[in-house]
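Q: Below is the structure I would like to discuss, written out as C-alpha cells.
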Amino acid sequence: MQDVTGAQSGRMARFKSSQANGNGFTNLYNTTEETVGFSINCDVTIVMSDALPSHCCSKATDDECRTACSRLINAESEHNENELAQLKNLVLVGESCLPQQTAFWRCINITVPVVQSMMVWSAQPCCEKAVNRYCQEACYQATSVRELVRNCSQSTETKLYKCIEKHGDAEHCCRPANSYNCHLICKGTHMVSGLGRQKQRQIIRRQCHGVNQAIMQCVQNRHRPVRESDPQLSLPCCYEAPADSECRNTCIKGIQLRYPENVFMEQLVKSCGVPKIHSDPLWACFLLNTNIEGDVDMERNIIDGARLQCCSKANTLACRNLCSRTFSTDWANTWDDFNTKCQSLAAPVLDVIMEGPMLSCMAEVEEPCQLGCDGLNFCSNFNNRPTELFRSCNTQTDIAARESLTSWQNGTIRLPQMSIPVKDIRECEPETWKALVCALQIKPCNRRATPLPLCREDCFHILNQCVDHSRMKPGHTLQLLCNTLSPGDSKNGDCISVKKYLSESPHKHYGHVITSPCNPNPCDDNQVCWINRRKCRHPEVCLPYVCHNACGMGAVTNMYVPKNTYVRIPDAEKDRHSNGQCMHYRVCQCRHHNNLDNCKRLPCVNRDPCSSSKGPKKHGEHFHDDCNRCICQSGRRLCTQHRCPTEPGSEGLTRLPCDCSPNFVAQCGTNGKTYPNSCMAQKCAKIRSHELIAGTCSSIDPCADNPCGDEYRCMPKRSVCLSRGTVDSSCNQYECVAVMGIDQCERHDHEPVCDTDNDEYTNICLLLAKKKRLAYRGHCQKYCSDNGVVCGHNGESYNSECAALADRTTVDYWGQCRAVGMYSGNLTQSNNCENVACRAVGPKHCQPITPPGGCCPVCAAEIRILYSQELMNVAASAMNSAEITVADILLILSRQLSVIQCDLYGYLSVENNLVILVAPVSARPSMLLVHACSKEAERLGYLIQSDSPLMKSYLALSPLLLASVHTPGVASLQSTATSLSTPSLVVNTGLLIYTLYTWLHYV
49 MQDVTGAQSG RMARFKSSQA NGNGFTNLYN TTEETVGFSI NCDVTIVMSD
99 ALPSHCCSKA TDDECRTACS RLINAESEHN ENELAQLKNL VLVGESCLPQ
149 QTAFWRCINI TVPVVQSMMV WSAQPCCEKA VNRYCQEACY QATSVRELVR
199 NCSQSTETKL YKCIEKHGDA EHCCRPANSY NCHLICKGTH MVSGLGRQKQ
249 RQIIRRQCHG VNQAIMQCVQ NRHRPVRESD PQLSLPCCYE APADSECRNT
299 CIKGIQLRYP ENVFMEQLVK SCGVPKIHSD PLWACFLLNT NIEGDVDMER
349 NIIDGARLQC CSKANTLACR NLCSRTFSTD WANTWDDFNT KCQSLAAPVL
399 DVIMEGPMLS CMAEVEEPCQ LGCDGLNFCS NFNNRPTELF RSCNTQTDIA
449 ARESLTSWQN GTIRLPQMSI PVKDIRECEP ETWKALVCAL QIKPCNRRAT
499 PLPLCREDCF HILNQCVDHS RMKPGHTLQL LCNTLSPGDS KNGDCISVKK
549 YLSESPHKHY GHVITSPCNP NPCDDNQVCW INRRKCRHPE VCLPYVCHNA
599 CGMGAVTNMY VPKNTYVRIP DAEKDRHSNG QCMHYRVCQC RHHNNLDNCK
649 RLPCVNRDPC SSSKGPKKHG EHFHDDCNRC ICQSGRRLCT QHRCPTEPGS
699 EGLTRLPCDC SPNFVAQCGT NGKTYPNSCM AQKCAKIRSH ELIAGTCSSI
749 DPCADNPCGD EYRCMPKRSV CLSRGTVDSS CNQYECVAVM GIDQCERHDH
799 EPVCDTDNDE YTNICLLLAK KKRLAYRGHC QKYCSDNGVV CGHNGESYNS
849 ECAALADRTT VDYWGQCRAV GMYSGNLTQS NNCENVACRA VGPKHCQPIT
899 PPGGCCPVCA AEIRILYSQE LMNVAASAMN SAEITVADIL LILSRQLSVI
949 QCDLYGYLSV ENNLVILVAP VSARPSMLLV HACSKEAERL GYLIQSDSPL
999 MKSYLALSPL LLASVHTPGV ASLQSTATSL STPSLVVNTG LLIYTLYTWL
1049 HYV
C-alpha cells in the first residue's frame, strides 16, 4: 500500500468532525446519494487507535465471543493488515458474537479503524486499491464517489471503481438492515473475499434477525453462479484462476469428478472467495459464460490462441494433436488425455522432459518474465530489484510463500520424486529456507531447468546443515539429492543462488529511479497497458501509462492484444488433416466489442527439413554456418550474410558487407532506405540499379510532383519498407492530408507530430488546422538538441538530434552522413571514419557498442534480427496493407517495454537485418538504468529467438525468426548480469516453471 499518511490523518480529522457534528452512524450509510432509513447518535468519546483495543473483548457476554475477539486482536497486531483484511476479520467475529451484545458492538463502532473509515464514507476501504498516489489521497478525503472524478480516472483506476461498484451492490442488499451490526456484517460479507456461501448465510442470519429473509434473497440472487449443462464445458473457466492456486485446483477437481452443483459451488466459494463478476475472471467466466460448442465463428470460440501456438513445439505427434484439440475447441473431451500423457507427473519423466519446449512455451504465455519486483511483505528481500526478471511477483505469491514455509515446518519437504526429512527449519537455517520458498513462489527467471532452482553448492550447504539423517531412506545421500535436484552451477548462471536473497537489495535506496508503471497492470481485464511517452500539456495530471482496449486470444487466455491489431492463430482443424507436415494459420483482427473477427486463412507453412554442411536440419532449427547464424524455414536455409574471415579467398577483401568498397556515395532505394553505395544496395539488399536514386532519401522531395492533387496537401512521411508486394512495388514516402478545420480532423487517429514550438499534436491534420509548422514526426523529444544536422546510425541525415530520436534512430555523429562505418559481423574494425568526430558516451563507466554501419558507439543494448521476406510479404497482404515498415515493427516492439526510462530505436541494415537498440532516455543515465535497458533487450531477444506466442501472435512480428543480443559492458554490474539470449533458455525455462508448478502443487 502506498504512503498515504497525510491522507489518513485528514481522514481521521474529518471523522472527528463528523462525530462532533452528531452524525454518528448516519455517515456510514451515506453512499453516493441515498441514506439508509435510520440513524443512531452516540454521545461517546472517540478513541483513535491502530487496532482493536482489548477492552472491547471484556464487553462480550460469552466466552465464544471473547475468544473470537481475542483472535481478531492477535491477527491485527501480528500482520498489521489493511482495511479490507481487517473488515474480513471483523465479519468473522460476527459469526461468534450475538447481536444482542450491544455494549460490545458499540465498542467496535467507536474503536476499530476500518469502521471509523466507513463512518466518513462507507466505501473508504476501497481506497487502498487506488494505483495513483494522488487518487488514493483524494479517495481517503472523499465522502462520495462524485468527489473522486477529478483525481481518479475511471479508465485507469479500474480496480478502485470496481470495488466501489461492489460496495454499491452491498448497499442495495443491506438496505433493509435494522441495526448497525447487521448493516456492517451484511456489507462486509459482500466486500471481502474468502468467505464460503454457507458461512456468509450463517453470519447474516445470526446478525440480521427479523429482516434476514429480504437480505438473504438479495445476496443469493446476486451471487448465484450458472454452469453449463455439461460441467466439462466449464473447465476452461478454472484456468482463469492464478496458477498454483488452491482455487484453480479445486475448480478442476470438482468438474472432473462431477461434484453435485451445490457441493461444487460451496467448495469453489471456499477456495476462490465470494463471486465477483466484475473483477474476477474466474467468476466472470462461470457467470457470464457462453456455450463453448455453440454455433459461433471459430475465432470467437477458440479456447486459447496463444497456448495453441505452443502445440507446434510438441516433439510427439500424439501430444501435438492432443494439444491442438485441447486449446482450439475440444477442451472438454481432450483435456484429461493431454494433461495425463503430455504434462502430468503421472507420465514417465522422460516423456515430460521430451515435451519441454512445448511446456516451456505454455509457461511463458501463462507467466511471462517481467522486470522488477516490489510490494512484497513476507518476501521483502525480493523488493527493489529493477534489473532482475521475475515471473510471479505479486501479493498472492507473497502470501503463498508464507503458507508454504509453514507447511515445511512439519519436518518433511515433499517433492514429486522424493521426500526429504529435515530438522526444525525454524531453528536450522531459517533465513535460507525463507529465501528458497520465496524464490519458488516469486520465480526469478534463470537460464536452466532444474527440479529445484537452488544452486548445487547452496543445496549441499542447507541439506548438510538441516537434513535429518535418522529418517533418510536407504540409498539416499546428500550428493544424490543435490545432483538430482540442483544440477546447476552458479558460475555460469544455470541456477538461482538464494544467497543474494538473504539480505535486502543493494538498490533499496535508488532503485525507485527505474519505474515500470504497467507492472503490476493498472488497467482493466480487457485492456493492455502501454507506457505513455506523449508530451502532456498538463504534466501534473498526466499518468505515466495508457490503458488501451484489447481482445483476448481466446475464451480462456492470459494474453490480450490491442484493438485494431492483426493476430495469427493456428488453424488446428486444418493442421490435423495435414498430419503435422504443414502448419495452417488464420489471421484475425481485434475490432468491435473487443472480439477477434474478420478472420481469413493464411497460406500453409510447410515443415520440410533443410540440408546443410552439418547434415539435415528440422524446420525451425537454429544452427551456425561458420560465423553466420541460420534457421531452417520451410525447407530453405535463411542465414545472415557476414563475410567470414575463415572463408577461402577472403584475404585482401574489404571485409565490408558483400566485399563492397568503403566509398560513401549515397543511394536511395525504392524501399525508402539510404545505402552507403550502389554496391551494398545491389549485392547485399538485392536492389536493382533502376530502383536506386543518387543521394540520401532525406534529400529527395516526395511531394515535388504534387502527387495528392489540389484538394489535399502533400506532406513528407518517410518510411523504410520491409515487405515487397510486387517486383516493381514502391514504398510511399508522403501522405495526402485533407485541408479542413480542426473540428473535422479525426482526433482518434494517433500518429503524433511535433511542431516548431515543441508542442505535440495527435496527428498531422490537427497540426495543420492550427496553422503550425511541422518540425518532425513522432513524439516531442526531451534531452536532445533541436538545432544542427545529424547523421543517424541508420545512415540517414536528420535536421536535428530530436528529429532523429523521434524517428526512433540513435545519433551517430553531427553533420551530414559521410562515411561507411564498421560492421562488427565481419569481426574487423573500420578505418573509414577518420573524418568523423564522435561525441562522448555517457555514463562514463559504460563500455559502449557500435551498431553495424555506424562510426560512433552508443551506450545501448543491441538486438540483431533475421526475418523472412516471404513471410513479411504474406503478412502485409493479409493485413490489406501496401507495406509493412520498419516503423511498424518498432512501434509494436516498443510497446513491449516496461521501464519508462528505456526506449527502443532501430533500422534496417544493408545486410537486410533489423537492428534494434534499447537505450536509456534520461538527461543523466546511471549504470543501473543501462543495465535495466539491457535486460529489456535480452527479454525481447529471447521472446523472438524462442518463437514465443507473446511475440509471434502479432502478425507483423511473425516473420522475425532469429535474434542475437549484444549488451554494453557494465564493469560494476557484470558479476550479476545474466544473458537471456543463450539457446539454453529457449528450451529449458518453461520446464523449470512447469516443475515448480507441479512441485508446489504437491507440497
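In our numbering, the protein residues as written are 49 to 1051. Where is the CB? At the ideal position from N, CA and C, for every residue including glycine.
(1) Counting Cβ pairs closer than 8 Å, one from the region 998–1014 and one from the region 907–920, do we hit at least three?
(2) Between the alpha carbons of residue 547 and residue 416, how many angstroms are there, rounded?
(3) Can you list, in chain order, the residues of its chain with a C-beta nearer than 7 Å to that of residue 864? Leave out the 5 residues immediately preceding and following it.
(4) With H, G and I counted as helix, E and B as strand and the rest as coil, what does DSSP make of residue 424?
(5) Run the CB neighbour count on residue 792, radius 10 Å, all protein chains shown included, and call it buried at 16 or more, exposed below.
(6) Using CA atoms only, rank isn't needed, just tell me which of 210, 156, 159 is closest to residue 176.
(7) Checking the sheet assignment: what are the DSSP bridge partners for residue 638?
(8) Apply the 10 Å Cβ neighbour rule to residue 1000 and answer buried if 16 or more other Cβ atoms are within range, or exposed otherwise.
(9) Applying the 10 Å Cβ sphere with the 16-neighbour rule, what's the burial state of residue 759?
(10) Taking Cβ to Cβ, would you say residue 544 is nearer than 9 Å to residue 515?
(11) Pull up the DSSP beta-bridge partners for residue 665, would you.
(12) Need the endpoints of the beta strand (DSSP E) that residue 684 sits in, please.
(13) Would you kindly report the start and end of the unbroken beta strand (DSSP E) that includes residue 997?
(14) Hey, is the region 938–953 in contact with the region 915–930, meaning 3+ C-beta pairs nearer than 8 Å?
(15) Figure out for me which residue from 488, 491, 478, 531 has the closest Cα to the Cα of residue 513.
(16) For residue 859, count neighbouring C-beta atoms within 10 Å of its own C-beta (all shown protein chains included) and say buried if the count is 16 or more, exposed if not.
(17) If you draw a straight line from the alpha carbon of residue 806 to that of residue 951, how long is it in whole angstroms?
(18) Quick one, are the C-beta atoms of residue 632 and residue 615 less than 9 Å apart?
(19) Mind checking which residues open and close the beta strand (DSSP E) that includes residue 968?
(20) Expressed to the nearest angstrom, what Euclidean distance is found between the alpha-carbon atoms of residue 169 and residue 252?
(21) Tell me which residues share the same chain as residue 256 and place their Cβ nearer than 7 Å to its Cβ, disregarding the 5 neighbours each side in the sequence.
(22) Buried or exposed: where does residue 612 fall if 16 or more other Cβ atoms within 10 Å of its Cβ makes it buried?
(23) Rounded to the nearest angstrom, what separates residue 715 and residue 493 at their Cα positions?
(24) To the nearest whole angstrom, what separates the beta carbons of residue 810 and residue 825, a pair I think is in contact under 8 Å?
(25) Quick one: Cα of residue 851 to Cα of residue 822, how far?
(26) DSSP state of residue 831, grouped into three classes?
(27) Between 303, 117, 424, which lies nearest to residue 487 when the distance is taken from Cα to Cα?
(28) Residues in the same chain with beta-carbon distance under 8 Å from residue 646, minus the five sequence neighbours each way, listed in chain order, please.
(29) To the nearest angstrom, how far is it from the Cα of residue 643 to the Cα of residue 1005?
(30) Going by C-alpha distance, which of 641, 131, 586, 458 is nearest residue 598?
(31) Mind checking residue 690: buried by the 16 CB within 10 Å criterion, or exposed?
(32) Which value, in whole angstroms, describes the spacing of the CA atoms of residue 746 and residue 686?
(33) So, under 8 Å CB-CB, residue 974 and residue 891 are touching, yes? Tell me the CB distance rounded to an integer number of Å.
(34) Does the contact criterion of 3 or more C-beta pairs under 8 Å hold for the region 144–160 versus the region 183–191?
(35) For the region 736–743 and the region 761–771, state whether three or more C-beta atom pairs, one from each stretch, are separated by less than 8 Å.
A: Looking at the coordinates:
(1) With a cut-off of 8 Å, the region 907–920 and the region 998–1014 count as touching, because enough Cβ pairs lie within range.
(2) Start at 1 with the first residue of the sequence shown, and residue 547 comes out as number 499. Start at 1 with the first residue of the sequence shown, and residue 416 comes out as number 368. Distance between the alpha carbons of residue 547 and residue 416: 24 Å.
(3) Translated into positions along the sequence shown, residue 864 becomes position 816. 837, 839, 845, listed in sequence order.
(4) As a working mapping, residue 424 is identified with position 376 in the sequence shown. DSSP places residue 424 in coil when its eight states are reduced to three.
(5) Taking the sequence shown and counting its residues from 1, the one referred to as residue 792 is at position 744. When all chains shown are included, residue 792 counts as exposed.
(6) As a position in the sequence shown, residue 176 is number 128, starting the count at 1. The candidate whose alpha carbon is nearest that of residue 176 is 210.
(7) Taking the sequence shown and counting its residues from 1, one reaches residue 638 at position 590. Residue 638 is bridged to 644.
(8) Along the sequence shown, read from residue 1 onward, the residue named residue 1000 stands at position 952. It counts as buried.
(9) Looking up residue 759 in the sequence shown gives position 711. Residue 759 should be labelled exposed.
(10) Here residue 544 refers to the residue found at position 496 when the sequence shown is read from its first residue. Here residue 515 refers to the residue found at position 467 when the sequence shown is read from its first residue. No; because the gap between Cβ atoms is not below 9 Å, this pair is not in contact.
(11) Position 617 of the sequence shown, counted from the first residue, corresponds to residue 665. Residue 665 pairs with 658.
(12) For the purposes of this step, residue 684 is taken as residue 636 along the sequence shown, with counting starting at 1. First-last of the beta strand (DSSP E) with residue 684: 684–687.
(13) Position 949 of the sequence shown holds residue 997. That residue, residue 997, is in no beta strand (DSSP E); its alpha helix (DSSP H) goes 997–1000.
(14) Contact check between the region 938–953 and the region 915–930: fewer than three CB pairs, one atom from each, fall below 8 Å, which does not count as touching.
(15) Numbered from 1 along the sequence shown, position 465 holds the residue referred to as residue 513. Out of 488, 491, 478, 531, 478 has the C-alpha closest to the C-alpha of residue 513.
(16) The residue given as residue 859 occupies position 811 in the sequence shown. With 16 or more Cβ atoms within 10 Å of its Cβ, residue 859 is classed as buried.
(17) By one-based count along the sequence shown, residue 806 stands at place 758. By one-based count along the sequence shown, residue 951 stands at place 903. Residue 806 and residue 951: Cα-Cα distance of roughly 20 Å.
(18) Mapped onto the sequence shown, residue 632 falls at position 584. Mapped onto the sequence shown, residue 615 falls at position 567. No, these two residues do not count as a Cβ contact at 9 Å.
(19) Taking the first residue of the sequence shown as position 1, residue 968 is located at position 920. Start and end: 962–968.
(20) Locating residue 169 in the sequence shown gives position 121, counting from the first residue. Locating residue 252 in the sequence shown gives position 204, counting from the first residue. Using only the alpha carbons, I get a separation of about 22 Å.
(21) Translated into positions along the sequence shown, residue 256 becomes position 208. Counting only Cβ-Cβ distances below 7 Å, and skipping sequence neighbours, we find 225, 230, 234, 263.
(22) Taking the sequence shown and counting its residues from 1, one reaches residue 612 at position 564. Residue environment for residue 612: exposed (fewer than 16 other C-beta atoms within 10 angstroms of its C-beta).
(23) Position 667 of the sequence shown, counting from 1, holds the residue named residue 715. Position 445 of the sequence shown, counting from 1, holds the residue named residue 493. A direct Cα-Cα distance of roughly 45 Å separates residue 715 from residue 493.
(24) For the purposes of this step, residue 810 is taken as the residue at position 762 of the sequence shown. For the purposes of this step, residue 825 is taken as the residue at position 777 of the sequence shown. Residue 810 to residue 825, Cβ: 12 Å. No contact.
(25) Translated into the one-based positions of the sequence shown, residue 851 becomes position 803. Translated into the one-based positions of the sequence shown, residue 822 becomes position 774. Cα atoms of residue 851 and residue 822: separation of roughly 11 Å, rounded to the nearest angstrom.
(26) Within the sequence shown, the letter at position 783 stands for residue 831. The answer is coil: DSSP assigns residue 831 none of H, G, I, E or B.
(27) Within the sequence shown, the letter at position 439 stands for residue 487. Selected option, being the one with the closest Cα: 424.
(28) Here residue 646 is taken as the residue at index 598 of the sequence shown, counted from 1. Excluding residues within five positions, the ones whose Cβ falls inside 8 Å are 636, 637, 639.
(29) Counting from 1 along the sequence shown, the entry for residue 643 is found at position 595. Counting from 1 along the sequence shown, the entry for residue 1005 is found at position 957. The alpha-carbon atoms of residue 643 and residue 1005 are separated by roughly 21 Å.
(30) Indexing the sequence shown from 1 puts residue 598 at position 550. Comparing Cα positions, the closest option is 641.
(31) Here residue 690 is taken as the residue at index 642 of the sequence shown, counted from 1. It is buried - the Cβ of residue 690 has at least 16 other Cβ atoms within 10 Å.
(32) If you number the sequence shown from 1, residue 746 lands on position 698. If you number the sequence shown from 1, residue 686 lands on position 638. Near 31 Å, if we compare the C-alpha coordinates of residue 686 and residue 746.
(33) Looking up residue 974 in the sequence shown gives position 926. Looking up residue 891 in the sequence shown gives position 843. Residue 974 to residue 891, Cβ: 6 Å. Contact.
(34) no
(35) no
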